[in-house]
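Residue numbers (UniProt numbering), protein chains in the order written: chain A, 1 to 207; chain B, 1 to 207. Backbone N, C-alpha and C define an ideal beta-carbon position, used for all residues, glycine too. Below you'll find the structure, written out as structure tokens, and then a few comments.
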């Protein structure tokens, strides 16, 4: 297996974290998203959507979308339940992650590091922060009474939500307001094989 | 089963369309998203995220996120393959739908009908349209050489992508540029049990 990835991406980290938890071997190919390396003809043959992470299997078939890759790797492991309703609950968290969590927490972090802070973007950033706090509040509500997203054990829903939550303060969020989320982050970080997000290589505003 | 839904929502339509294709009985409860009915204590007990569609099973358990509901209903039917790689490809399209297709095509349609067209929103609408056209172009690329999203038969990926694609012209997109997408829309509409999106109840700009 070859993983095409970029170390600052939480979507990429999800997959590397899960491969590490599963103790699976893979080759890592780093792709520089800021230099257009996801839009070369070679990369578009791997993912026509021009995004990392992408996974190439031993037989040459390729798969994109971080959560679909987690789904593929999880089947048959302890990280994906066998009960049909619990499976659907895992997917519910993961679709929510791509629709309401990543587009707010991850995008705020990206803008703070990579984008010129124009007045328009500053106005939108306030909206991203408000919606990102709604997302964190929904997680807090869950983790007040549950250790994991679904059932009594960690699943790929927890892996999917971990990466960008763990670095959301780089986007201006304050996890002090979410003590149950912080305890859940600690539980994920204590899993055997855990690897953290890489620290951001640049200071805010210099990217 | 009880489906909590709103007829103008494509996320809701996906689920009603799939239940109709499967010929499954269900009770429909219409919720007015514009009157705050998704944020009452009663509705938040069904979906703490305050969104339709939500499915309540006979035993009272509830499930949210349109694509997770499709996933739940599809298991064991012809609309979800048994091959692990194909299953992951189905999920890849569905995560892409929630990340790049719905937030552009559906949001442009919503803004054109429901929101005052401020200068700020007008500027963002141009961006939504550009990214929405990127999404349609990616689908066109697939459907030029394939009848369905994955493999030789319709799957829940096709159901998930159908609803908002079928009404994207209400958001200012022009499907003339995407003939293979139009042929795919016709194929979905020819499936036994098909039901279309409801026509929008209001003229653009009057909502």
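Helix, strand or coil at residue i [DSSP, three-state]
i: residue 57 (chain A); result: coil
i: residue 30 (chain B); result: strand
i: residue 153 (chain B); result: coil
i: residue 134 (chain B); result: helix
i: residue 186 (chain A); result: helix
i: residue 38 (chain A); result: coil
i: residue 147 (chain A); result: coil
i: residue 175 (chain A); result: helix
i: residue 64 (chain A); result: strand
i: residue 44 (chain A); result: helix
i: residue 21 (chain B); result: helix
i: residue 2 (chain A); result: strand
i: residue 165 (chain A); result: helix
i: residue 99 (chain A); result: helix
i: residue 84 (chain B); result: helix
i: residue 11 (chain B); result: helix
i: residue 105 (chain B); result: helix
i: residue 122 (chain B); result: helix
i: residue 51 (chain B); result: coil
i: residue 78 (chain B); result: coil
i: residue 195 (chain B); result: coil
Minimum Cβ-Cβ distance from residue i to chain A less than 9 Å
i: residue 190 (chain B); result: no
i: residue 138 (chain B); result: yes
i: residue 197 (chain B); result: no
i: residue 1 (chain B); result: no
i: residue 162 (chain B); result: no
i: residue 75 (chain B); result: yes
i: residue 180 (chain B); result: no
i: residue 203 (chain B); result: With a pLDDT of only 48 at residue 203 (chain B), under the threshold of 50, the placement of this residue in the model should not be trusted; the figure read from the coordinates follows. No, no contact with chain A.
Beta-carbon contacts of residue i that lie in its chain and below 7 Å, excluding the five residues immediately before and after
i: residue 204 (chain A); result: Reliability fails at residue 204 (chain A), whose pLDDT of 45 lies under 50, so the model's placement of it is uncertain and no value is given.
i: residue 23 (chain A); result: 193
i: residue 187 (chain A); result: 147
i: residue 214 (chain A); result: As displayed, chain A neither begins before 1 nor continues past 207, which places residue 214 (chain A) out of reach and without an answer.
i: residue 64 (chain B); result: 47, 49, 51 and 54
i: residue 57 (chain A); result: 1
i: residue 197 (chain B); result: 10, 13, 163, 166 and 167
Residues near residue i in its chain [Cβ-Cβ closer than 6 Å; skip 5 each side]
i: residue 161 (chain A); result: 97
i: residue 48 (chain B); result: none
i: residue 86 (chain A); result: 150 and 151
i: residue 101 (chain A); result: 135
i: residue 230 (chain A); result: Nothing can be reported for residue 230 (chain A): it is not among the residues displayed for chain A, which extend from 1 to 207.
i: residue 26 (chain A); result: 1, 3 and 19
i: residue 178 (chain B); result: 136 and 140
i: residue 10 (chain A); result: 106, 163 and 164
Below-9 Å beta-carbon distance, residue i vs any chain B residue
i: residue 94 (chain A); result: yes
i: residue 79 (chain A); result: no
i: residue 123 (chain A); result: yes
i: residue 116 (chain A); result: no
i: residue 131 (chain A); result: no
i: residue 85 (chain A); result: yes
i: residue 176 (chain A); result: no
i: residue 108 (chain A); result: no
i: residue 141 (chain A); result: yes
i: residue 72 (chain A); result: yes
i: residue 4 (chain A); result: no
i: residue 146 (chain A); result: no
i: residue 126 (chain A); result: no
i: residue 102 (chain A); result: yes
i: residue 169 (chain A); result: no
i: residue 8 (chain A); result: no
8 Å CB neighbourhood of residue i in its chain, flanking five on each side removed
i: residue 168 (chain B); result: 105, 108, 109, 132, 136 and 175
i: residue 173 (chain B); result: 105, 108, 129, 132, 133 and 136
i: residue 77 (chain A); result: 22
i: residue 121 (chain B); result: 111 and 115
i: residue 17 (chain A); result: 159, 162, 163, 194 and 195
Residue i classed as buried or exposed, judged by whether at least 16 other C-beta atoms fall within 10 angstroms
i: residue 14 (chain B); result: buried
i: residue 183 (chain A); result: exposed
i: residue 202 (chain B); result: Since pLDDT at residue 202 (chain B) reaches only 47, below the 50 mark, its modelled position is unreliable, and the value read off the structure follows with that caveat. By the neighbour-count rule (16 or more Cβ atoms within 10 Å), residue 202 (chain B) is not buried but exposed.
i: residue 83 (chain A); result: exposed
i: residue 51 (chain A); result: buried
i: residue 144 (chain B); result: exposed
i: residue 154 (chain B); result: buried
i: residue 91 (chain B); result: buried
i: residue 36 (chain B); result: exposed
i: residue 55 (chain B); result: buried
i: residue 74 (chain B); result: buried
i: residue 94 (chain A); result: buried
- Message: Please list, in chain order, the residues of the region 36 to 70 of chain A that have any C-beta partner in chain B closer than 7 Å.
- Response: Listed by position along the chain: 48, 49, 61, 63, 64, 65, 67 and 68.
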